[in-house]
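Numbering (the numbering used here), first residue to last: 33 to 161.
Built from N, CA and C at the ideal position, the CB exists for glycine as well.
As the structure is a prediction and not an experimental result, all values here were calculated from the model.
All remarks here apply to the structure that follows.
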Amino acid sequence: MARSLLAPPLGSSLDTGSEMFLRNRDDVLEQISVIDDLLDQADAGGGPQRMERHRSRGKLPIRERIANALDPDTAFLEISPLAAYESDYTMGGGMVVGIGVIAGVECVIMGNDPTVLAGALTPYAGKKW
């Protein structure tokens with residue numbers, strides 16, 4: 033079933049071929065790449081060695097545990113995955129917090145990352161509460 037728009041599409045006089053547009057586009061794509069790299073760092077938790085030790089004990093990383101708890105084919109909106117950026121703490125603050133759907137109910141989900149300071153709370157994790 034096609035959705036009808038509540039309002040007509042907005043017109044634009046943006047010249048997507050202009051030099052300024054292309055320069056701005058390149059700058060934005062570069063920043064998106066930087067953010068993707070930072071998110072990868074946050075996903076790595078305490079680093080590859082700690083992640084491997086955690087897995088060798090038969091345990092799943094926090095993000096995988098959360099993914100297993102979520103309903104299939106539903107999204108997880110992580111809140112503040114870059115907390116502690118440019119601080120002395122691990123990116124993400126050692127805690128994963130977000131909104132997801134479990135058993136058809138939208139839930140706030142929180143989990144400490146045991147690969148970061150053995151799951152201890154950091155000042156940044158406390159701010160995510």
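Pull the bridge partners of E62 from the DSSP assignment, please.
Within the sequence shown, residue 62 is the residue found at index 30, counting from 1. Answer by DSSP bridge pairing: none, since E62 is not bridged.
Which residue spans inside the segment 45-118 form an unbroken beta strand (DSSP E) run of at least 3?
You should have 108-110.
Pick from D75, Y121, G136, P93: whose alpha carbon is nearest that of I105?
In the sequence shown, residue 105 corresponds to position 73, counting from 1. It is worth fixing the name first, because residue 105 is Asp in this sequence and not Ile. It is G136 whose Cα lies nearest to the Cα of D105.
Reduced DSSP secondary structure (H/G/I, E/B, other) of G132:
For the purposes of this step, residue 132 is taken as residue 100 along the sequence shown, with counting starting at 1. Strand at G132.
Report the CB separation of Q73 from M127 in whole angstroms; it is logged as a contact under 8 Å.
Within the sequence shown, numbered from 1, the residue matching residue 73 stands at position 41. Within the sequence shown, numbered from 1, the residue matching residue 127 stands at position 95. The distance from the Cβ of Q73 to that of M127 is about 15 Å, inconsistent with a contact at the 8 Å cut-off.
Determine the closest residue to V109 out of R95, Y121, Y117, D120, with distance taken between C-alpha atoms.
In the sequence shown, the residue the question calls residue 109 occupies position 77. Sequence inspection shows Leu at residue 109; the Val mentioned does not correspond to that position. The shortest C-alpha separation from L109 is found at R95.
Between the beta-carbon of V148 and the beta-carbon of G78, is there less than 8 Å?
By 1-based counting over the sequence shown, the position of residue 148 is 116. By 1-based counting over the sequence shown, the position of residue 78 is 46. Judged by their CB atoms, V148 and G78 are nearer to each other than the 8 Å cut-off.
When DSSP labels each residue in this structure, what does G43 get in the three-state scheme?
Indexing the sequence shown from 1 puts residue 43 at position 11. In the structure shown, G43 sits in coil (DSSP, three-state: anything other than H, G, I, E or B).
Apply the 10 Å Cβ neighbour rule to P80 and answer buried if 16 or more other Cβ atoms are within range, or exposed otherwise.
For the purposes of this step, residue 80 is taken as the residue at position 48 of the sequence shown. It counts as exposed.
On the three-state DSSP scale, how would you describe G158?
Residue 158 sits at position 126 when you count from the first residue of the sequence shown. If DSSP states are grouped into helix, strand and coil, G158 belongs with the helices.
Using three-state DSSP, classify G151 as helix, strand or coil.
Residue 151 sits at position 119 when you count from the first residue of the sequence shown. Looking at G151 - three-state DSSP - the assignment turns out to be helix.
For a test of the three-state rule: what should DSSP assign to G126, helix, strand or coil?
Here residue 126 refers to the residue found at position 94 of the sequence shown. Coil.
Rounded to whole angstroms, what is the Cα-Cα separation between G143 and L153?
Along the sequence shown, read from residue 1 onward, the residue named residue 143 stands at position 111. Along the sequence shown, read from residue 1 onward, the residue named residue 153 stands at position 121. Cα to Cα, the separation comes out at about 11 Å.
Roughly how many angstroms lie between the CA atoms of G151 and S50, to the nearest whole one?
Indexing the sequence shown from 1 puts residue 151 at position 119. Indexing the sequence shown from 1 puts residue 50 at position 18. Going from the Cα of G151 to the Cα of S50 covers about 50 Å.
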